[in-house]
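Here the sequence shown stands for residues 861 to 1112, numbered as in our numbering. Backbone N, C-alpha and C fix where the C-beta goes; we use that ideal spot for every residue, glycine too.
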Amino acid sequence: YQSNPSETACVACQPGRNASYDTQCVDCTTGLYQAAEAAATCDICGPGKYSSMRAETCTDCPSGKSQKKPSSADCADCSPGTYQMLTGQTQCIACMEGKANPLPRQTSNESCSNCAPGQYQDRQGADQCTGCVQGTASSAEGLTVPCPKCQPGRYQSKQGFTDCRDCARGTDVAEHGVMKASACTLCTPEEACEGGGECARGYTSVIDDGAAFCSFCERGYFKMRYKCHKCPAASGWISVLAACIFIGFAFL
């Protein structure tokens, strides 16, 4: 450039500036740079880099940050649920399923912590884990799918728990994922159900869809007035079978 009309020689613009006007040098704006002297224009900083005013070079985004756009004046913090351990990157890395990270600007995958028992996370890039909903529970750490439903004979009325609760002795429930203790209904007879889906000795549940709770007799037992009784001792399996059949028909 040359600001003095009487001068015949031009003056070279310094690095970080450009001669976009004939009479003066202009500083490179943010997101641009110029390393050479006597440049007519400034160059663009690429993705993963940034620059301040009058920059001679671009600067890599530090770890914990990224920048996907060119001509940037700064880099963006990695958001919660992500991290970046390298410099000069265009994007941050998402925490995997089963993990979460509540803080921004993290620089290591160790910032992604496993979900605690009673929680899960089935998506990537999460800033927090999700508590097991009612009717479910899990004692596993780092669970990547929704918590499993409570088994028949059990329930869970609260969120974020590691285990389901047993139905009380004398009651049972057939469905999976039960959320209330009141869903556990009385067995007939009550003594047939030990609670938690377990049958007392001599009783069994042949129908597994909940049509009856522990309402059948185990092998070697017979039913009399809704209750299962052990077949009397006899010599030989034929005598035992005959006794059970006789007693069973007698009290039908």
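CB of residue i within 8 Å of CB of residue j, strictly
{"i": "Glu-1001", "j": "Ala-976", "result": "yes"}
{"i": "Cys-1074", "j": "Tyr-1081", "result": "no"}
{"i": "Cys-1031", "j": "Thr-1045", "result": "Strictly speaking, residue 1031 in this sequence is Thr, with Cys absent from that position. Going by C-beta atoms, Thr-1031 is nearer than 8 Å to Thr-1045."}
{"i": "Lys-928", "j": "Asp-920", "result": "no"}
{"i": "Gly-978", "j": "Gly-991", "result": "yes"}
Cβ shell of residue i (< 7 Å), same chain only, five flanking positions each side left out
{"i": "Ser-923", "result": "Gln-944, Met-945, Leu-946, Thr-947 and Thr-967"}
{"i": "Asp-903", "result": "Leu-892, Tyr-893 and Gln-894"}
{"i": "Val-886", "result": "Arg-877, Asn-878 and Ser-880"}
{"i": "Ala-1043", "result": "Tyr-1015 and Val-1033"}
{"i": "Thr-890", "result": "Ser-911, Ser-912, Met-913 and Ala-933"}
{"i": "Cys-1047", "result": "Gly-1030, Thr-1031, Asp-1032, Cys-1053, Phe-1073 and Cys-1074"}
{"i": "Gly-1020", "result": "Gly-978, Gln-979, Gly-991 and Cys-992"}
Inter-residue spacing [alpha-carbon to alpha-carbon] between residue i and residue j
{"i": "Thr-1022", "j": "Pro-930", "result": "48 Å"}
{"i": "Gln-1016", "j": "Arg-1029", "result": "16 Å"}
{"i": "Arg-877", "j": "Ala-936", "result": "26 Å"}
{"i": "Arg-965", "j": "Glu-1054", "result": "54 Å"}
{"i": "Lys-1018", "j": "Val-993", "result": "7 Å"}
{"i": "Thr-901", "j": "Asn-969", "result": "41 Å"}
{"i": "Lys-1009", "j": "Cys-1024", "result": "9 Å"}
{"i": "Glu-1078", "j": "Ser-973", "result": "49 Å"}
{"i": "Ser-873", "j": "Cys-905", "result": "Position check: residue 873 holds Cys in this sequence, whereas Ser was assumed. One C-alpha to the other measures close to 20 Å."}
{"i": "Pro-1006", "j": "Cys-888", "result": "53 Å"}
{"i": "His-1036", "j": "Pro-907", "result": "52 Å"}
{"i": "Lys-1083", "j": "Phe-1076", "result": "8 Å"}
{"i": "Ala-1052", "j": "Ala-1060", "result": "5 Å"}
{"i": "Cys-938", "j": "Gln-949", "result": "11 Å"}
{"i": "Ala-986", "j": "Leu-1003", "result": "13 Å"}
{"i": "Ser-971", "j": "Asn-961", "result": "6 Å"}
{"i": "Ala-898", "j": "Pro-875", "result": "8 Å"}
{"i": "Pro-940", "j": "Val-1038", "result": "34 Å"}
{"i": "Asp-982", "j": "Leu-963", "result": "19 Å"}
Nearest-angstrom beta carbon gap, residue j and residue i [assumed within contact, 8 Å]
{"i": "Asp-916", "j": "Gln-951", "result": "The question names Asp, but residue 916 in the sequence shown is Glu. Not confirmed; about 27 Å, so no contact."}
{"i": "Ser-999", "j": "Tyr-980", "result": "Incorrect: roughly 12 Å between the Cβ atoms, too far for contact."}
{"i": "Ser-926", "j": "Cys-918", "result": "In fact, because the Cβ distance is near 14 Å, the residues do not count as touching under 8 Å."}
{"i": "Cys-955", "j": "Gln-988", "result": "Not a contact, Cβ separation roughly 11 Å."}
{"i": "Gly-1062", "j": "Lys-1040", "result": "The pair is not a contact, with the Cβ atoms about 30 Å apart (cut-off 8 Å)."}
Contacting residues, own chain, Cβ-Cβ under 8 Å from residue i (five flanking each side not counted)
{"i": "Ala-1071", "result": "Only weak support exists for where Ala-1071 lies, its pLDDT of 48 falling under 50; the value from the coordinates is given anyway. Only Ala-1034 meet the Cβ criterion."}
{"i": "Asp-1026", "result": "Gly-1013, Arg-1014, Gly-1055, Gly-1056 and Gly-1057"}
{"i": "Thr-942", "result": "Cys-952, Ile-953, Ala-954, Cys-955, Asn-961, Gln-966 and Gly-985"}
{"i": "Gln-1011", "result": "Cys-1024, His-1036 and Gly-1057"}
Cβ neighbours of residue i in the same chain (closer than 6 Å, five flanking residues each side left out)
{"i": "Glu-1058", "result": "none"}
{"i": "Ala-896", "result": "none"}
{"i": "Glu-1050", "result": "Gly-1030"}
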